[in-house]
Amino acid sequence: MFRTAIRSTRCHTTPTFRARLAVVALAAAAAIAVATDSALAAPAKGGAANIAMIGEPQTLDPMASTADLVGIITQHIYELLYTFDANWNVTPMLAESMPAISKDGLVYTIPLRKGVKFHNGKEMTSDDVVASLKRWLDTAPRGKAVAKEIKSLEAKGPNSIVITLNRPYAPLLAHLALPNGFAAIMAKDSIATPLTQFIGTGPYMFKERKPDQYVQLVRYDGYSARKEPASGYAGKREAWIDELRFIPVPNANTRVEGSLSGQYQFADLLPVESYARLENAPNVKPVLTSPFGFPYLVLNTKQGPLTSVTLRQAVEAALNNADMMGAGFGDPKFYTTEASHYAKNTPFYSTAGTENYGKGDAKKAATLVANGKYDGTPIKILTSQQYDFHYRMALVMAENLKAAGFKIDMQVVDWSTLIQRRNDPALWDIYITHSAVLPDPTLTPPQLGDGAPGWWSSPAKEAALSALNAEADPKKRGALWGNVQAVVFTEVPYIRVGYFNSVTARSPKLEGYVAMPWPFFWNTWLDK
Numbered sequence: 010m011f012r013t014a015i016r017s018t019r020c021h022t023t024p025t026f027r028a029r030l031a032v033v034a035l036a037a038a039a040a041i042a043v044a045t046d047s048a049l050a051a052p053a054k055g056g057a058a059n060i061a062m063i064g065e066p067q068t069l070d071p072m073a074s075t076a077d078l079v080g081i082i083t084q085h086i087y088e089l090l091y092t093f094d095a096n097w098n099v100t101p102m103l104a105e106s107m108p109a110i111s112k113d114g115l116v117y118t119i120p121l122r123k124g125v126k127f128h129n130g131k132e133m134t135s136d137d138v139v140a141s142l143k144r145w146l147d148t149a150p151r152g153k154a155v156a157k158e159i160k161s162l163e164a165k166g167p168n169s170i171v172i173t174l175n176r177p178y179a180p181l182l183a184h185l186a187l188p189n190g191f192a193a194i195m196a197k198d199s200i201a202t203p204l205t206q207f208i209g210t211g212p213y214m215f216k217e218r219k220p221d222q223y224v225q226l227v228r229y230d231g232y233s234a235r236k237e238p239a240s241g242y243a244g245k246r247e248a249w250i251d252e253l254r255f256i257p258v259p260n261a262n263t264r265v266e267g268s269l270s271g272q273y274q275f276a277d278l279l280p281v282e283s284y285a286r287l288e289n290a291p292n293v294k295p296v297l298t299s300p301f302g303f304p305y306l307v308l309n310t311k312q313g314p315l316t317s318v319t320l321r322q323a324v325e326a327a328l329n330n331a332d333m334m335g336a337g338f339g340d341p342k343f344y345t346t347e348a349s350h351y352a353k354n355t356p357f358y359s360t361a362g363t364e365n366y367g368k369g370d371a372k373k374a375a376t377l378v379a380n381g382k383y384d385g386t387p388i389k390i391l392t393s394q395q396y397d398f399h400y401r402m403a404l405v406m407a408e409n410l411k412a413a414g415f416k417i418d419m420q421v422v423d424w425s426t427l428i429q430r431r432n433d434p435a436l437w438d439i440y441i442t443h444s445a446v447l448p449d450p451t452l453t454p455p456q457l458g459d460g461a462p463g464w465w466s467s468p469a470k471e472a473a474l475s476a477l478n479a480e481a482d483p484k485k486r487g488a489l490w491g492n493v494q495a496v497v498f499t500e501v502p503y504i505r506v507g508y509f510n511s512v513t514a515r516s517p518k519l520e521g522y523v524a525m526p527w528p529f530f531w532n533t534w535l536d537k
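Just so you know, we're using this note's numbering here: the sequence shown kicks off at 10 and counts up by one.
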């Protein structure tokens, strides 16, 4: 979920990467403008921040889930070798510098920062980094995709690692920098499956979790910060707030009321219709991201009726994307519908396959249903009301599919249950989620990797992605992405519905907040 802010609003341009970069670059200036509202109050340590999240995280293992909820919390505990700055450039975090890359593009030598302490007091070494990355390559959906490209991963002394590739792989550093289902660096002696200790190097450390009440993080006084100025996720991180409490608040209206009453210092993902009310309230700052990201439908290619490509194409033909987005977000100022995964004037813009997008053609869909020999097995749609727009879009989708001749079994569950159920191919045929637009198209959605729910695998996918990943030239990569997009529209492992804006809220007392795709609360403080 791509988030950028301009003063009291979040701003996220049309899903154009370069245009978004321009807006993101304004985010840092925006933070200054926000701070100006309170006379540039000086940072001060102390206090506790209540952060209202959409639900209960099903895990605190950052590698075990691509759910944003998990990534938002755990990025405060764990750090990566690399990260993204405000302009979405890959920059070092736990790595000392950018890697030395061999002329053939196959060998990456990564120097590590010295003196970085884990929350257990032990100093980070190459053994911790290698063990962590191996776990990520073995367990995380994105890690599994990267693992196919790696010939070897080894320590080179206590403060360096070497990654040797089978072939050039352009997105490697971007994958190592993504804070979602991420390559977190963990203390080697804490690594287990499942994790029972959460020991990272971040500015906050885990203290307590009370299910359905909160996840409590506290400042790590032994944190070793970088010296560069803060920029996006990059640069110097400082934990000013003593305690962060991530509170599950599944009801969106409860998050709104809690923001208005001052109960929460930050509330994530509020109904768009609440924006006007929040904007007129004196004790809350609404933040509008325009656009925030894209909702998409994941189709089960492993088990059930939609293992048939023809029936997946029938689903694609049946859907009226404009009606779904209208149901999800109401006022058109909160959404757009575009077929291309990236917008015009960006390196990855392509019209390949877009003739299949969002027509809502019930007649064509019915023909495909017949050709696919649909046997009447109900299509199980898995959705949640915790993201209210998911649910509203699901209702329209169900009617579109019924008009095409599908039978529907709507299953409405809480978000943590959905996250659990989507791992079992017997329990669903379509589920609804959303994502950000990120700088490299292989980063999202995770279905472009290996092993993510949906379990999409095909020779066409492998060929198109392999060609894209092997090409380092940005100009050539744009055209190659078009081939991937065409395969997505043809094989329909997922369906992008459109682009949407989102509303969150912060207390005016929460200073220094700079919006990014996954909100973070280092470099923020509470005005007393």
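Note that CB positions come from ideal geometry on N, CA and C, so glycine has one too.
Could you tell me whether the Cβ atoms of residue i and residue j are closer together than 8 Å?
i                 : j              : result
alanine 374       : alanine 435    : no
leucine 457       : histidine 184  : no
phenylalanine 389 : tryptophan 437 : In the sequence on display, residue 389 carries lysine and not phenylalanine. Taking 8 Å as the Cβ cut-off, lysine 389 and tryptophan 437 qualify as a contacting pair.
isoleucine 428    : glutamine 67   : yes
glycine 241       : alanine 95     : yes
valine 138        : leucine 308    : no
tyrosine 91       : alanine 109    : no
glutamate 520     : tryptophan 531 : no
leucine 306       : isoleucine 504 : yes
serine 233        : glycine 124    : yes
tyrosine 87       : alanine 196    : no
threonine 118     : valine 155     : no
Tell me whether residue i sits in a helix, a strand or coil according to DSSP, three-state version.
i                 : result
histidine 350     : coil
phenylalanine 338 : helix
asparagine 289    : coil
glycine 80        : helix
alanine 38        : Caution applies to alanine 38, whose pLDDT of 35 falls short of 50 and renders its modelled position unreliable; the value that the coordinates give is listed next. Three-state result, alanine 38: helix.
threonine 319     : helix
asparagine 59     : strand
threonine 363     : helix
leucine 69        : coil
lysine 126        : strand
threonine 533     : coil
lysine 143        : helix
leucine 30        : Low confidence applies here, because leucine 30 scores a pLDDT of 35, under 50, leaving its location unreliable and the question unanswered by this model.
aspartate 540     : Lying before the first or after the last residue shown, residue 540 is absent from the chain, which here runs from 10 to 537.
arginine 235      : coil
alanine 164       : strand
threonine 298     : strand
alanine 48        : No answer about alanine 48 holds up, because its pLDDT of 45 lies below 50 and its placement is not dependable.
valine 501        : coil
arginine 246      : coil
Relative to the C-alpha of residue i, which residue among the options is closest?
i                 : options                           : result
arginine 401      : Val421, Ile388 and Phe415         : Val421
glycine 190       : Asp70, Gln274, Ala261 and Ser106  : Asp70
serine 349        : Gly487, Pro257 and Arg254         : Gly487
valine 293        : Leu308, Phe301 and Ser270         : Ser270
phenylalanine 255 : Ala234, Tyr213 and Glu266         : Tyr213
threonine 499     : Ala109, Leu146, Asp370 and Ala361 : Ala361
lysine 382        : Pro314, Phe275 and Ala336         : Pro314
valine 281        : Gly335, Glu364 and Lys236         : Gly335
glycine 491       : Leu519, Ala352, Leu115 and Pro177 : Ala352
aspartate 113     : Asn330, Met406, Gln312 and Ala179 : Ala179
proline 455       : Gly152, Gly337 and Ala104         : Gly152
leucine 253       : Val227, Ser74 and Glu237          : Val227
glycine 507       : Pro295, Lys54, Lys368 and Ile439  : Lys368
serine 467        : Val496, Leu297 and Val324         : Val496
leucine 297       : Asp332, Tyr344 and Gln312         : Tyr344
glutamate 364     : Trp464, Ile439, Thr392 and Gln494 : Gln494
alanine 461       : Arg431, Asp482 and Thr202         : Arg431
proline 177       : Ala379, Ser283, Leu404 and Val116 : Val116
Under the assumption that residue i contacts residue j (Cβ atoms under 8 Å), give the Cβ distance between them as a whole number of angstroms.
i                 : j             : result
phenylalanine 398 : proline 304   : 7 Å
leucine 89        : alanine 186   : 6 Å
threonine 480     : leucine 489   : Going by the sequence as given, residue 480 is glutamate instead of threonine. That belief holds up - the Cβ atoms of glutamate 480 and leucine 489 are roughly 6 Å apart, short of 8 Å.
threonine 442     : leucine 279   : In fact, because the Cβ distance is near 18 Å, the residues do not count as touching under 8 Å.
tyrosine 223      : histidine 128 : That belief does not hold up - the Cβ atoms of tyrosine 223 and histidine 128 are roughly 19 Å apart, past 8 Å.
leucine 174       : glutamate 163 : That pair is no contact at about 13 Å.
leucine 377       : glutamine 322 : 5 Å
asparagine 330    : tyrosine 366  : 7 Å
aspartate 423     : glycine 80    : Contact flag wrong, Cβ pair sits at about 19 Å.
valine 405        : aspartate 332 : 5 Å
phenylalanine 275 : isoleucine 60 : 5 Å
- Query: Fully enclosed by the region 175-226, which beta strand (DSSP E) runs are 3 residues long or longer?
  - Reply: Complete beta strand (DSSP E) runs here, min 3: 213-219.
- Message: To test your reading of the DSSP string, which unbroken alpha helix (DSSP H) runs of 4 or more residues are found completely within the region 421-499?
- Response: Contiguous alpha helix (DSSP H) elements confined to the region 421-499 occur at 424-430 and 468-479, taking only those with 4 or more residues.
- Let me know the beta strand (DSSP E) ranges lying completely inside the region 366-427, each 3 residues or longer, listed in chain order. 388-392 and 417-421, all fully within the region 366-427.
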